[in-house]
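Take a look at the structure set out below.
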Amino acid sequence: MTQQRPSDPVTRPPRVGVLISGRGSNLLALLEATERGTVPAEVVLVISNRADAGGIAYAHARAIPTVIADRARYPKRSARQERMRAALLAADVDLVVCAGLDEILVADFVDEFAGRMINVHPSLLPAFGKTLHAQAEALAHGVKITGCTIHFVTDDVDGGPIILQRAVPVLEDDTADTLAARILAEEHVALPEAVRLWAEDRVRVVGRRVRILPAAAPAR
Ligand code: GRF
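Going by my numbering, the sequence shown opens with residue 1, and the numbers climb by one from there.
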């Protein structure tokens, strides 16, 4: 897998397009990290496949362009994702972040952004992949540790090279909701961190493994 870096990262921070379906708390965590300056990237487009996604408000509040590519407007998944793809290309994004997107991306879409599209998943992959109920399934299975994974998106759903993982314990009195909340707090750390590493050009895919390069020494 090749990484396609922005042509001139010195003069232009990487442009990020974010795909959401719902409340958008991961989007907000990323936006706040860019605003704090801890992530040297710019969210330039937010796309939702649901018109009622609460997360869209975070983009509106910041005058970030949005696109709704929902099932009402585009009943066919291929047409819907073609709309998303066209919008991302028109916005000249360097990186695509799937932050709670609830549909599987078609092969053309995945190919277009190969090596520059990442996803946040609420389990320690490869456990509890290919599901929208990873937290409840982890609880039901009885695992004692679960967490979240940030990984590259490939045509193997939830199976792309892993960039970062953060673990959380499963507690005795957990419900799916309390466990999901504990995992979500870690997603909000892991996703901005992965975008930061990518923006700093420190992420290298070697086969199935992702190497994180050391930070550059500060300029003197
Ligand atoms: C997160 O738990 C993410 O891991 C999963 O969907 C949820 C999205 O949450 N894929 P939010 O919309 O970012 O608040």
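Beta carbons are placed, not taken as given, at the ideal position from N, Cα and C, and that holds for glycine.
Go ahead and pull the three-state DSSP assignment for residue i.
{"i": "VAL153", "result": "coil"}
{"i": "SER48", "result": "strand"}
{"i": "VAL106", "result": "coil"}
{"i": "ARG64", "result": "The amino acid occupying residue 64 in the given sequence is Ile; Arg does not appear at that position. Here ILE64 sits in coil by DSSP."}
{"i": "MET40", "result": "As written in the sequence, residue 40 is Pro, which differs from the Met given in the question. Coil."}
{"i": "PRO192", "result": "helix"}
{"i": "ALA229", "result": "Past the edges of the chain, shown from 1 to 220, lies residue 229, and the structure says nothing about it."}
{"i": "HIS121", "result": "strand"}
{"i": "ARG85", "result": "helix"}
{"i": "ARG116", "result": "coil"}
{"i": "ARG12", "result": "coil"}
{"i": "ARG182", "result": "helix"}
{"i": "ARG211", "result": "strand"}
{"i": "ARG204", "result": "strand"}
{"i": "LEU95", "result": "strand"}
{"i": "LEU19", "result": "strand"}
{"i": "THR175", "result": "coil"}
{"i": "THR131", "result": "coil"}
Considering only their Cβ atoms, is the gap separating residue j from residue i smaller than 8 Å?
{"i": "GLY24", "j": "GLY147", "result": "no"}
{"i": "HIS141", "j": "LEU125", "result": "no"}
{"i": "VAL97", "j": "VAL16", "result": "yes"}
{"i": "VAL205", "j": "ALA41", "result": "no"}
{"i": "ALA87", "j": "ALA72", "result": "no"}
{"i": "VAL93", "j": "VAL153", "result": "no"}
{"i": "TRP198", "j": "LEU95", "result": "yes"}
{"i": "ARG85", "j": "GLU103", "result": "no"}
{"i": "VAL44", "j": "THR34", "result": "no"}
{"i": "ALA91", "j": "ALA136", "result": "no"}
{"i": "ASP158", "j": "HIS121", "result": "yes"}
{"i": "ILE20", "j": "VAL46", "result": "yes"}
Consider the C-beta atom of residue i and the heavy atoms of ligand 3; say whether any pair is separated by less than 7 Å.
{"i": "VAL120", "result": "By its list of ligands, the structure shown excludes ligand 3, since it contains just ligand 1."}
Three-pair Cβ contact test at 8 Å for the stretch 74-88 versus the stretch 51-58: no
Any 3 or more C-beta pairs closer than 8 Å across the stretch 60-69 and the stretch 159-166: With a cut-off of 8 Å, the stretch 159-166 and the stretch 60-69 do not count as touching, because too few Cβ pairs lie within range.
The stretch 19-33 in contact with the stretch 179-195 per 3-pair CB rule at 8 Å: yes
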